[in-house]
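Colleague: Quick note on numbering: the sequence shown equals residues 216 to 304 in my numbering.
Here a beta-carbon is modelled for each residue, glycine too, at the ideal position from N, C-alpha and C.
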Amino acid sequence: MSGDIPALVTGTLQGLIATTVFLLALFIGFAVLLGFPKLRKGGGGTLTVRSLEERLGTTQEYLLPTAPRGPADQLKTPELQEVAARKSR
């Protein structure tokens, strides 16, 4: 009876370690295999699409910092103009 307990504990630990190693290998294997397509060259003629703009063939056009932002320009509010005027004195 006294020899059964250490054998049971070591068997349980071996089982836990074996399943842990198996699951880690499985998860890391899937992460590596599914990560390889990300390393392929992108562009219009490839199967790898990284963004919707790339798929549609359009590019993002950014506004200049000095471009007007419409009727409610948040960068030109009276409060901000007042703070800027105080700082420039």
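Would you say Q275 and E268 are within 8 Å of each other, going by their C-beta atoms?
Modeller: It is a contact, given that the beta carbons lie within the stated cut-off.
Colleague: Would you report the Cα separation of P293 and A282, rounded to the nearest angstrom?
Modeller: Using only the alpha carbons, I get a separation of about 18 Å.
Colleague: In this structure, does DSSP put R284 in helix, strand or coil?
Modeller: R284: coil per DSSP, three-state reduction.
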